[in-house]
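Single-structure report; data block below.
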Amino acid sequence: MPPKKRRGRFNRYVPQDEERYLVSDLRADGFTQNEIADRLNISPKTLRLYHRHDLLAGDRMKEHGVMKMLRSNDQETQLLGRMWYDAMQAVDFNASNMAAEWLIHRIRDKTR
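Numbering (UniProt numbering), first residue to last: 1 to 112.
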């Protein structure tokens with residue numbers, strides 16, 4: 001009898017702890033799901049399937065960072081926090097929007 005052929009996938013994706021932290025951090029920094037998937041060399045569908053909780057954790061970290069900025073004593077940091085909050089409410093970050101991209105980079109530089 002010939003050997004049975006294996007069905008299904010040979011190389012199943014198994015997320016590592018380092019990748020989980022990376023996904024959360026990148027999402028908190030404002031990266032889109034497509035950008036994160038490209039960085040991990042996986043499809044966006046695989047990213048959503050295996051890293052759903054990490055993506056949500058990154059979103060919560062981003063919101064927490066904005067709240068921290070709003071409570072800051074530095075007026076410039078408060079202003080950036082307000083701008084970020086307004087941008088989160090008004091802009092779809094999956095679309096390429098130059099003003100949103102400028103704001104994201106400005107806040108990244110300020111919070112590091």
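Idealized CB from N, CA, C, for every residue including glycine.
Is residue i a contact residue of the ligand GDP, with contact defined as CB to any heavy atom under 7 angstroms?
i, result
"serine 24", "Only the bare structure without any ligand can be found here, which leaves the ligand GDP out of the picture."
Tell me whether the beta-carbon of residue i lies closer than 8 angstroms to the beta-carbon of residue j.
i, j, result
"proline 15", "glutamine 33", "no"
"glycine 65", "serine 72", "no"
"glycine 58", "alanine 28", "yes"
"threonine 46", "tyrosine 21", "no"
"serine 24", "methionine 67", "no"
Who are the Cβ neighbours of residue i in its own chain at under 6 angstroms, not counting the five residues just before and after it?
i, result
"threonine 77", "Met69"
"leucine 55", "Arg27"
"histidine 51", "Val23"
DSSP state of residue i, grouped into three classes?
i, result
"glutamine 78", "helix"
"valine 66", "helix"
"tyrosine 13", "coil"
"glycine 30", "coil"
"histidine 51", "coil"
"isoleucine 36", "helix"
"arginine 71", "coil"
"serine 43", "coil"
Quick check on residue i - is its C-beta less than 8 angstroms from some C-beta in chain B?
i, result
"arginine 52", "Of the protein chains in the structure, only one exists, and it is not chain B."
Looking only at its chain, what residues have a beta carbon closer than 8 angstroms to the beta carbon of residue i, apart from the 5 residues adjacent to it on each side?
i, result
"aspartate 86", "none"
Under 8 angstroms by Cβ, that's how I've got residue i and residue j pegged, so tell me the actual separation to the nearest angstrom.
i, j, result
"glutamate 19", "leucine 40", "6 angstroms"
For residue i, collect the residues of the same chain with a Cβ closer than 7 angstroms to its Cβ; drop the 5 residues on either side in sequence, then sort them by chain order.
i, result
"isoleucine 42", "Tyr13"
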